[in-house]
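Asker: Dropping the structure in here first, questions after.
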Amino acid sequence: MAFLRRISTRHLVLLCTGVVAAAIGVTALAIAASSGGPTPPRKPLAVAVRDALRAPVPQGVTARVRFTNHLVDSSGIQGSNPILTGATGRLWATSDGRLRIELQSERGDAQIVSDGKRFWAYDGSSNTVYRGTLPQRHKERAHRTPALAQIERVLTRIGRRVALSGAIPSDVAGQATYTLRAAPRKAGGLLGGVAVAWDAARGVPLRVAVYARGQSNPVLELEATDISYGPVPAGDFAVSPPAGARTVDLTPGHRRAKAEKHSALGFKPVAPASLAGRPRSGVKILRAGALVTYGHGLNGIAVLEQRGAQLGRTQLPTVTIGAVKGQELETPLGTLIRFERGSVTYTVVGSVTRQVAEAAARGL
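Residues 461 to 824, numbered by our numbering, are exactly what the sequence shown covers, in order.
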């Protein structure tokens, strides 16, 4: 997290949204509502999951996609980007972990490219490329599909905390799919739930939607308008960011030597016993600063305290915290507030309303 010491608010917003978009791209190749195409027969959820796990993995996937973002009001952010404003584009993915998502809009282009080990994401609106590495797993033994009874036990455990809909027959981009809807039973913050659909014949995830509490329409969508399975030419991944683009390194441990020289915080963290009605649940000293958490689960609040971090010049709504002015970003899924006091920058974030986040910030 050392890069957070220098990242601007706009880049932080873009990065957070981009991470969500990339996660959707990796775990779900598209999202779409039923469009009258073929639907599979009804099955118990455990059976549908087992069949998906034992289905042959396709060599690759090629799709045309449409990404819609209702999470962030880009009108309040200086500049724009397809990840923030929504766009159409294409997606390529292979079974060995290669991924490319290309989005185009009238306000700029964006690309996310990965070889399974490293990734880069290009923001055309700021001519910036973000580079980093992905966590690597040790080679696993030959895959064996869990027994039906095992899957049922896992779903039962999950069901104690998350309400599961069961496997709903549906279709995505002309493919027969099963859709699962899940919602937190308690302590879900502003998250209303998620919907995931997967190809009934191939087990490939094809649909993801993220919903805010109390809203019937998703706040994030990645929709396939066309999809096909088969080998993907290596040339489709042979792309590079424009020469001369500014680079931001997100690799864990980047500038580690420099960070270790300045490992001491140099200030005493502000960590009251409770904040906005939530008890303090943890204090961690990181290279980026001090991380103090309050409450538990998605209903909690996190406070990152950093010396020398910059608020940046992002045109976000302002908020008054005590005697200082700060920046505030309110979304259907949560609120982020940043302000500086005594050469220390405080970032308050949580899946909470603006009023709760402001109360937490003023309690520091």
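Using N, Cα and C, we set each Cβ at its ideal position, and we do this for glycine too. Treat the numbers as computed from the prediction; the structure is a model and nothing was measured.
Going by C-alpha to C-alpha distance, which of Asp511, Gln635, Gly802 sits closest to Gly498?
Answerer: Mapped onto the sequence shown, residue 498 falls at position 38. The question names Gly, but residue 498 in the sequence shown is Pro. Considering only alpha carbons, the answer is Gln635.
Asker: Given this structure, state the Cα-to-Cα distance separating Thr807 from Ala515, to the nearest angstrom.
Answerer: Here residue 807 refers to the residue found at position 347 of the sequence shown. Here residue 515 refers to the residue found at position 55 of the sequence shown. Taking the straight line from one Cα to the other gives about 45 Å.
Asker: Given Asp709, which residues of its chain have a CB within under 6 Å of its CB, disregarding the five upstream and five downstream residues?
Answerer: As a working note, residue 709 is residue 249 in the sequence shown. Only Arg591 meet the Cβ criterion.
Asker: Along the alpha helix (DSSP H) that carries Thr616, what are the first and last residues, could you check?
Answerer: The sequence position of residue 616 within the sequence shown is 156, counting from 1. It spans 608 to 619 - the alpha helix (DSSP H) in which Thr616 sits, taken as one unbroken run.
Asker: Would the beta-carbon of Pro644 fall within 8 Å of that of Leu793?
Answerer: To locate residue 644, count along the sequence shown from 1; it is residue 184. To locate residue 793, count along the sequence shown from 1; it is residue 333. In this structure, Leu793 does not lie closer than 8 Å to Pro644 by Cβ.
Asker: Is it right to say Gln610 is buried, meaning 16 or more other beta carbons lie within 10 angstroms of its own, or is it exposed?
Answerer: Position 150 of the sequence shown, counted from the start, is the residue given in the question as residue 610. The residue is exposed, with fewer than 16 neighbouring Cβ atoms inside 10 Å.
Asker: When DSSP builds the beta bridges, which residues end up paired with Lys744?
Answerer: As a first step, residue 744 is located in the sequence shown; it is residue number 284 there, counting from the start. Looking at the DSSP assignment, Lys744 forms a beta bridge with Leu751.
Asker: Could you compute how far the alpha carbon of Gln596 sits from the alpha carbon of Gly557?
Answerer: Taking the sequence shown and counting its residues from 1, the one referred to as residue 596 is at position 136. Taking the sequence shown and counting its residues from 1, the one referred to as residue 557 is at position 97. Their backbone Cα atoms lie some 11 Å apart in a straight line.
Asker: Report the rounded CA-to-CA distance for Ala481 versus Trp580, giving the unit in angstroms.
Answerer: Counted from its first residue, the sequence shown places residue 481 at position 21. Counted from its first residue, the sequence shown places residue 580 at position 120. A caution first: Ala481 carries a pLDDT of 46, below 50, which makes its placement in the model unreliable, though a value can still be read off. In a straight line, the C-alpha of Ala481 is about 13 Å away from that of Trp580.
Asker: Under three-state DSSP, which class holds Ala820?
Answerer: In the sequence shown, counting from the first residue as 1, residue 820 sits at position 360. Helix at Ala820.
Asker: Taking C-alpha atoms, which residue in Thr545, Leu551, Gly549, Arg613 lies nearest to Ser585?
Answerer: To locate residue 585, count along the sequence shown from 1; it is residue 125. When each option's Cα is compared against that of Ser585, the closest is Thr545.
Asker: Between the Cα of Phe527 and the Cα atoms of Glu681, Leu640, Gln519, which residue gives the shortest distance?
Answerer: Along the sequence shown, read from residue 1 onward, the residue named residue 527 stands at position 67. Nearest of Glu681, Leu640, Gln519 to Phe527, Cα basis: Glu681.
Asker: Give the DSSP-derived three-state secondary structure of Leu725 in the structure shown.
Answerer: The residue you call residue 725 lines up with position 265 of the sequence shown. In this structure, Leu725 counts as coil in the three-state DSSP scheme.
Asker: Closest to Asp686 by C-alpha separation, out of Ala633, Lys503, Leu624, would be which residue?
Answerer: Counting from one through the sequence shown, the residue named residue 686 turns up at place 226. Checking every option, the nearest Cα to that of Asp686 belongs to Ala633.
Asker: Got a sec? Which residues, its chain only, sit under 7 Å from Leu735 by beta carbon, not counting five neighbours each side?
Answerer: Here the question's residue 735 lines up with position 275 in the sequence shown. Here the set comprises Tyr754, Ile761, Ala820, Gly823.
Asker: What does the Cβ neighbour count give for Pro701, buried or exposed, with the cut at 16 atoms within 10 Å?
Answerer: Reading the sequence shown from its first residue, position 241 is the one you call residue 701. It counts as buried.
Asker: Let me confirm a value: Ser803 is counted as buried when at least 16 other C-beta atoms fall within 10 Å, else exposed. Which label applies?
Answerer: Residue numbering aside, residue 803 sits at position 343 when the sequence shown is read from its first letter. By the neighbour-count rule (16 or more Cβ atoms within 10 Å), Ser803 is not buried but exposed.
Asker: Between which two residues does the beta strand (DSSP E) harbouring Arg667 extend?
Answerer: As a position in the sequence shown, residue 667 is number 207, starting the count at 1. Taken as a continuous stretch (DSSP letters only), the beta strand (DSSP E) holding Arg667 covers 665 to 672.
Asker: Nearest to Val573 by alpha carbon, out of Thr639, Leu650, Asp696?
Answerer: Working through the sequence shown from its first residue, we reach residue 573 at position 113. The shortest C-alpha separation from Val573 is found at Asp696.
Asker: Quick check on Thr545: does DSSP put it in helix, strand or coil?
Answerer: The residue labelled residue 545 in the question sits at position 85 within the sequence shown. Note: Thr545 maps to helix in three-state DSSP.
Asker: Give me, in chain order, the residues of the same chain whose beta-carbon lies closer than 6 Å to that of Arg835; leave out the 5 immediate sequence neighbours on both sides.
Answerer: There is no way to answer for residue 835, as the model of the chain reaches only from 461 to 824.
Asker: Between the alpha carbons of Val622 and Gly663, how many angstroms are there, rounded?
Answerer: To locate residue 622, count along the sequence shown from 1; it is residue 162. To locate residue 663, count along the sequence shown from 1; it is residue 203. Roughly 22 Å between the two C-alpha positions.
Asker: How far does the beta strand (DSSP E) with Asp511 in it reach, from first residue to last?
Answerer: For this step, residue 511 is matched to residue 51 along the sequence shown. That residue, Asp511, is in no beta strand (DSSP E); its alpha helix (DSSP H) goes 505 to 514.
Asker: Taking Gln596 as part of the beta strand (DSSP E), name the residues at either end of that continuous run.
Answerer: By one-based count along the sequence shown, residue 596 stands at place 136. Neither: Gln596 is in no beta strand (DSSP E) and is coded neither H nor E.
Asker: Kindly say whether Gly786, judged by its beta-carbon, lies nearer than 8 Å to any beta-carbon of chain D.
Answerer: Absent here is chain D; the protein component of the structure consists of one chain.
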